[in-house]
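S.K.:
Numbering (mature numbering (1 follows the signal peptide of the UniProt record, and there is no 0)), first residue to last: -16 to -1, 1 to 253.
1) Using 8 Å as the threshold, is the segment 193 to 211 in touch with the segment 162 to 172, meaning 3 or more CB pairs across them?
2) How close, in whole Å, do the beta carbons of residue 217 and residue 188 come, if the pair is a contact with beta carbons under 8 Å?
3) Drop a sphere of 10 angstroms on the beta-carbon of residue 182, count the other beta-carbons inside from all chains shown, and report buried for 16 or more, exposed for fewer.
4) Can you give me the start and stop residues for the beta strand (DSSP E) that residue 226 sits inside?
5) May I have a chain-ordered list of the beta strand (DSSP E) segments no shorter than 3 residues that lie completely inside the segment 173 to 245?
6) Hey, would you say residue 120 sits closer than 8 Å to residue 73, going by beta carbons?
7) Measuring CB to CB, does residue 192 end up less than 8 Å from residue 162?
8) Verify the CB distance criterion: does residue 28 have a CB-CB separation below 8 Å to chain B?
9) Taking the alpha carbon of residue 238 as the reference point, which residue from 71, 89, 203, 126 has its own alpha carbon closest?
10) State buried or exposed for residue 178, treating a residue as buried only when at least 16 other CB atoms are found within 10 Å of its CB.
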């Protein structure tokens, strides 16, 4: 019985520490825990959106910065608290998908504290800490790589980005991962056809060195959620990349086992 009360006391103490930590970061409203995902609801919302909206591809356009360039290796670019503020321009259904994407990732790396500001609430102006500001920019789907800024760090999710897979993709960028086809070992697995890429978009296929990124000893995977499909940024309806055997690469919507392993290794979860 004594051990039971000691355990309760310890749990209460840890909760008090967590509450104090949150209060220290903001004198205004605080983010709340995520709502558990109902997969049936997710599928219904995504089906409705697909019927009305053309999907947009992820782009790394104009979002690199010196601080983010080594983010996948630097521990300074990691998150302890992955707090999310969703702009007022999003509908309730869009908010549900954003919550559900974050919820799936929270189940993969539970050592990161995922929270979200509810509708009508926002971080105070004196908020101390980095948080993700989800917004519609008119520039498609993009995110910085890793934790880059103090305060608000923008992530762009326009109407064509509204699927849990795409939202997770951008959040994984924010967590610290670049595209799979940018890995140093990519040429062993795929062939890039830059002559088919829209002029000015070639940088989306940049290959990084082992000094900039790490593979966490996970095998290259064309089914990774972080991999482009074969026609990404095509300017002539011809493939921009194929597997070494000439196979086409599909557009994934789910986390691959390798994605999960890399996230867990990066965050030591």
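A virtual CB, placed ideally from N, CA and C, is assigned to each residue, including glycine.
M.R.: Let me spell this out:
1) yes
2) On the chain shown, residue 217 is found 233 positions in, with the first residue counted as 1. On the chain shown, residue 188 is found 204 positions in, with the first residue counted as 1. Right, their Cβ atoms sit about 6 Å apart.
3) Taking the chain shown and counting its residues from 1, one reaches residue 182 at position 198. Looking at its Cβ environment, which holds fewer than 16 other Cβ atoms inside 10 Å, residue 182 is exposed.
4) For the purposes of this step, residue 226 is taken as residue 242 along the chain shown, with counting starting at 1. It spans 225 to 227 - the beta strand (DSSP E) in which residue 226 sits, taken as one unbroken run.
5) 174 to 176, 225 to 227
6) The residue labelled residue 120 in the question sits at position 136 within the chain shown. The residue labelled residue 73 in the question sits at position 89 within the chain shown. Judged by their CB atoms, residue 120 and residue 73 are nearer to each other than the 8 Å cut-off.
7) Translated into the one-based positions of the chain shown, residue 192 becomes position 208. Translated into the one-based positions of the chain shown, residue 162 becomes position 178. Yes. Within cutoff.
8) Looking at the structure shown, chain B is missing, and only one protein chain is on hand.
9) Translated into positions along the chain shown, residue 238 becomes position 254. Cα-wise, what sits closest to residue 238 is 89.
10) Residue mapping note: residue 178 aligns to position 194 of the chain shown, counting from 1. Exposed, by the Cβ-count rule.
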